[in-house]
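Protein chains in written order, with this note's numbering: chain A, 675 to 968; chain B, 28 to 383.
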Amino acid sequence: MIGFISYLVNGISLGSVYAIIALGYTMVYGIAKMLNFAHGDVIMIGAFVVFSTVSGAGLPPVVGVLISVVACTLLGMAIERIAYKPLRKASKLAVLITAIGVSYFLQNVALLIYGANTKSFTSVVAIEPISLMDGSLVISGETIVTVIACIIIMIGLMTFMKYSKSGRAMLAVSEDSGAAQLMGVNVNSTIALTFAIGSALAAIAGVLLCSSYPSLTPYTGSMPGIKAFVAAVFGGIGSIPGAFIGGILLGVIEILGKAYISSQLADAIVFAVLIIVLLVKPTGLLGRQIQEKV
Amino acid sequence: MKTKTRSLSKTTRSNLITYGMVVAAYIIVEIFLRAGMVSSLLEGLLVPLCMYVILAVSLNLTVGISGELSLGHAGFMCVGAFTSAFFSRCMETAIPVSGIRFFLAILIGTVCAALFGILIGIPVLRLKGDYLAIVTLAFGEIIKNVVNVVYLGRDSRGFHVSTKDSISLGLEQGGDVIIKGPQGITGTPNDSTFLIGVILILVTLFIVMNLINSRTGRAVMAIRDNRIAAESVGINVTKYKLLAFSVSAALAGTAGVLYAHNLSTLQAQPKNFGYNMSITILVFVVLGGIGNIRGSVIAAVVLTLLPELLRSLNDYRMLIYAVILIATMIFTSSPGGQEIQERIKLFFKHRKTKEA
Chain A
675 MIGFISYLVN GISLGSVYAI IALGYTMVYG IAKMLNFAHG DVIMIGAFVV
725 FSTVSGAGLP PVVGVLISVV ACTLLGMAIE RIAYKPLRKA SKLAVLITAI
775 GVSYFLQNVA LLIYGANTKS FTSVVAIEPI SLMDGSLVIS GETIVTVIAC
825 IIIMIGLMTF MKYSKSGRAM LAVSEDSGAA QLMGVNVNST IALTFAIGSA
875 LAAIAGVLLC SSYPSLTPYT GSMPGIKAFV AAVFGGIGSI PGAFIGGILL
925 GVIEILGKAY ISSQLADAIV FAVLIIVLLV KPTGLLGRQI QEKV
Chain B
28 MKTKTRSLSK TTRSNLITYG MVVAAYIIVE IFLRAGMVSS LLEGLLVPLC
78 MYVILAVSLN LTVGISGELS LGHAGFMCVG AFTSAFFSRC METAIPVSGI
128 RFFLAILIGT VCAALFGILI GIPVLRLKGD YLAIVTLAFG EIIKNVVNVV
178 YLGRDSRGFH VSTKDSISLG LEQGGDVIIK GPQGITGTPN DSTFLIGVIL
228 ILVTLFIVMN LINSRTGRAV MAIRDNRIAA ESVGINVTKY KLLAFSVSAA
278 LAGTAGVLYA HNLSTLQAQP KNFGYNMSIT ILVFVVLGGI GNIRGSVIAA
328 VVLTLLPELL RSLNDYRMLI YAVILIATMI FTSSPGGQEI QERIKLFFKH
378 RKTKEA
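Right, here's the structure in full:
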C-alpha cells in the first residue's frame, strides 16, 4: 500500500512536468495550429542554460532559473519569427517539417557546445524532503516544488486567458484568426506572445525534469516532448485543463506501469492508453467535437 | 518511332523516365564499383540507400496520395525486419539456397507488415489529421517496445516465448535462443545485395505508380481531396483508405527485410525503428514533393548521401542538414520564397526569349 502511494506520488510529480510541457504544446497548437516538434528541445536548452549558469558559473539557482526562462522565451520568439512566421499560410506538413528542422538544429547546437556525454544535473531545489507515516513515505523536495509549480502555472494561465486582454486575444485568435484580425487583434504579436509563454514554461519544465531525473544530454528533451504532446492530445489538444489532466494521468500511468507491469513496456502502455482514449473519444478527454459540414 | 512515343500517354512516359532513372543509376554505380572507384563507406551505404528509397516511395502513398499524415512508418519496417529475420534464422539449415530463402523472407516480411497495416489501419483511419499522426506514432513506438521484451527460443519440443529473459524460456540442452529481447536477432544471413535492393525499388515503383494510375488510385485521391463528396458518389472510403495504408505498410515491411538482411545483428533501437526514423522518411517525402513519386526517390538518395558528403565537416554536418531543411521549407513554401522563385523563372524566360 505504501509502495503504491509512493509510486502514485512519483507519478504525479512526473505528470506535473509533462503537464507543464503539455500546456506549452497545447497553447501553441491552439493558436498556430501547428505541431511544434521543437518544443521538447527548448526544454533541453532550458536545462542546459541552468546547468551552465549554476554548475558552471556558480550563480545561485534562482538566478540561473530566471536566466534560463528569459533565454528560452527569447529563443522561442526567435524560432517563431525566423522559422514559422514565413510559413503561416503554408501547408501543415511544410510547417511540421520546418519544426523538425528546428528540432535537429537545437539538438546539434547543444551537441556542438556541450558534447554528447551525459551531464549530471545538480538539483536546483533546496527544500528538505518530507517524511510521512513514520518515515515509510518520503516525498522529495523536487516533487513538492514540481507539483506546486504545475498548479500555480495552470491556475495562472487560466486566469490570464480569461481575464487579461492579451489572453482573450489568444482565445480569439485560436477560435478564428481571420475574424480576430478584423476585430483589431494583432495576430502576429499574439502568436509571438504564445510562443514566448510556451517556451518560458518549457524552460521551467526542463529545470524541474532534470532536477528529478538528473541526466542531461542534447536528446533529453525529445522523449518528454513527445510524451507531453501525447498528454496534450490525451486531454484534448487546445484545452488548458485538458493538458493538465492529460499530463498528470500520463505520468501516473507511466510510473505505475513501470512499477507493476514492466519497466521496458512503460512507454508502450502509455501509448496504448492514448490509442484507446482516442478511439473512444477521438478528440481527447476534454476536446471539443467539431461537426463536419458539407 | 515518333508516332510510338506520341502514342504513349503522359503518365506512362513519366513512369518510364522514373524506371529509367533507377536503372541508369544502378548501371553507373555498378560501373564505378567494378572500377573500384567507390569508397568502402559509400559501398556500405548502397543497400540502406535502396531501403530509404523504398520507404520514401511507400510513405508517399500514405502521405501524398491518401493524404494521411503517418508517423509510424518505421513500425511497419520493424515488423518486416523482425519477421523476416526470424524466418531466415529458422530456415537457415532447412533451405540452404540463399536466393529462395531470401525470396521467401521478403514475402513473409511484406505480408506480415501488410497484416499489421490492416490491423492498425482499421482503428487508426477513423481519426483525422494530427490525431492520426500521433496515433500512428504511438503504434510505431509500441511495436518497437514490444519487440524489445520478446524472447523466443527453439528446441526439439518446438518454440518457446517469454517476456522476461532467455533463461525463463526453459530450453533443453542445445536449444537456440532466436530473439533475445533488447539484443534482438543475431546471426541473420547477409542476403541483401545492391542488385536485390534495386530490383525491390523497381517492384515498389511498379506497384505504387500503377496503383496511383488505376481506378483504385483515383478513388483514393478522390477521398483525399474531399471525403464527403467521394462518399456521396459511392466510393467505399474505409476500403480504399485501408488499401492504400496497408500497401504502404507492406512496402515498408519489404524495406525492413532489406535492412534486416544487411546487418548480422538486428536490434530495435530508437534510431532505427523509433519515431525519428519515421520522421526522417517523412522529410524525404515532403522535400521530394508530396504525391510526387520520382521526387521521393531523388530526395531519399540526395538526403541520405548529403550527411555522408558533408562528413569532412564532422560535427557541423547535422547542423548544416538542419539549416538546409529549414531554408528549403521556407524557400519553397513561404510567400516570400515563392515570389523569389517566380522572379528566377521570369528571369530565365526573359533570357530565352531574348536569345530566340
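Don't be surprised by glycine CBs; every beta carbon is placed ideally from N, CA and C.
If you're wondering where the values come from, they're calculated on a predicted model, not measured in any experiment.
Between which residues of its own chain and residue i is the CB-CB distance below 6 Å, once the five residues before and five after are set aside?
i	result
Pro892(A)	Gln781, Ala784 and Leu785
Val907(A)	Gly958
Phe300(B)	Ala101, Cys105 and Lys171
Might you give, ordered along the chain, the residues of its own chain that have their beta carbon closer than 7 Å to the beta carbon of residue i, omitting 5 neighbours on each side?
i	result
Thr30(B)	Note on Thr30(B): pLDDT 49, under 50, position unreliable in the model; no value is reported.
Leu196(B)	Tyr178, Gly180, His187, Ser189 and Val204
Ile943(A)	Ile927, Gly931 and Ile935
Cys139(B)	Val106, Gly107, Thr110 and Gly280
Gly202(B)	Gly180, Arg181 and Asp182
Ile147(B)	Phe166
Thr38(B)	Asn240
Pro803(A)	Val812, Ile813, Ser814 and Gly815
To the nearest angstrom, report how far apart residue i and residue j are at their CA atoms.
i	j	result
Pro888(A)	Gly738(A)	16 Å
Val274(B)	Gly99(B)	14 Å
Ala271(B)	Phe109(B)	23 Å
Gly958(A)	Asp941(A)	19 Å
Ile239(B)	Tyr267(B)	12 Å
Met28(B)	Ser36(B)	Low per-residue confidence applies at Met28(B): pLDDT is 45, beneath 50, and the placement is therefore not dependable, though the value from the model is reported in the following sentence. Near 15 Å, if we compare the C-alpha coordinates of Ser36(B) and Met28(B).
Tyr410(B)	Pro297(B)	Only positions 28 to 383 of chain B appear in this structure, which leaves residue 410(B) out of reach.
Leu73(B)	His288(B)	13 Å
Val861(A)	Lys759(A)	11 Å
Phe130(B)	Ile262(B)	35 Å
Ala121(B)	Ile127(B)	11 Å
Glu57(B)	Ser851(A)	55 Å
Ala846(A)	Gly156(B)	22 Å
Gly809(A)	Ile929(A)	21 Å
Ile250(B)	Gly244(B)	10 Å
Phe113(B)	Ile212(B)	7 Å
Leu229(B)	Arg242(B)	21 Å
Ala744(A)	Ser729(A)	The identity of residue 744(A) in the sequence shown is Val, whereas the question assumes Ala. Between Val744(A) and Ser729(A), the C-alpha separation is close to 18 Å.
Ile753(A)	Lys763(A)	17 Å
Phe103(B)	Asn303(B)	14 Å
Thr220(B)	Ser125(B)	12 Å
Leu232(B)	Glu70(B)	23 Å
Ile11(B)	Ile145(B)	Residue 11(B) is absent from the structure shown; chain B starts at 28 and stops at 383.
Ser886(A)	Thr700(A)	24 Å
Sort the options by Cα distance to residue i and report the nearest one.
i	options	result
Ile306(B)	Phe711(A), Ser810(A) and Tyr692(A)	Phe711(A)
Leu688(A)	Ala800(A), Ile943(A) and Val821(A)	Val821(A)
Ile353(B)	Ser323(B), Val310(B) and Gly316(B)	Val310(B)
Ala877(A)	Val702(A), Ile686(A) and Val723(A)	Val723(A)
Ser913(A)	Val951(A), Leu960(A), Thr894(A) and Ile950(A)	Leu960(A)
Val49(B)	Thr380(B), Lys191(B), Leu222(B) and Ser339(B)	Leu222(B)
Phe779(A)	Ile756(A), Ser765(A), Ala823(A) and Lys763(A)	Ile756(A)
Met828(A)	Leu767(A), Asn684(A), Leu875(A) and Ile787(A)	Leu875(A)
Met236(B)	Leu76(B), Asn87(B) and Ala51(B)	Asn87(B)
Cys824(A)	Glu802(A), Ser838(A), Met857(A) and Ala879(A)	Ala879(A)
Ser873(A)	Leu939(A), Gly895(A) and Asn684(A)	Gly895(A)
Thr89(B)	Thr355(B), Thr137(B), Arg370(B) and Leu152(B)	Leu152(B)
Could you tell me which residues DSSP pairs with residue i in its beta bridges?
i	result
Lys901(A)	None, per the DSSP bridge assignment.
Gly185(B)	Asp182(B)
Ile206(B)	Leu179(B) and Ile212(B)
Leu890(A)	Lys793(A)
Val812(A)	Ser805(A)
Thr292(B)	Thr213(B)
Tell me which residues share the same chain as residue i and place their Cβ nearer than 8 Å to its Cβ, disregarding the 5 neighbours each side in the sequence.
i	result
Ser193(B)	Tyr178, Gly180, Val204, Lys207 and Gly208
Phe358(B)	Gly364, Ile367 and Gln368
Ala83(B)	Ile308, Phe311, Val312, Gly315, Ser323, Val324, Ala326 and Ala327
Met835(A)	Gly841, Arg842, Met844, Leu845 and Ile914
task: Count the CB pairs spanning the stretch 901-916 of chain A and the stretch 686-705 of chain A that are closer than 8 Å, and state whether there are at least three.
output: yes
- prompt: Are at least three pairs of beta-carbons, each pair with one atom in the stretch 770-778 of chain A and one in the stretch 908-922 of chain A, less than 8 Å apart?
  reply: no
- request: For the stretch 83-103 of chain B and the stretch 159-167 of chain B, state whether three or more C-beta atom pairs, one from each stretch, are separated by less than 8 Å.
  value: yes
field: Cβ pair count under 8 Å reaching 3, the stretch 246-258 of chain B against the stretch 277-286 of chain B
entry: no
field: Inter-stretch contact (C-beta, 8 Å, three-pair minimum) for the stretch 787-805 of chain A and the stretch 326-333 of chain B
entry: no
- prompt: So, do the stretch 865-872 of chain A and the stretch 700-709 of chain A have three or more beta carbon pairs nearer to each other than 8 Å?
  reply: yes
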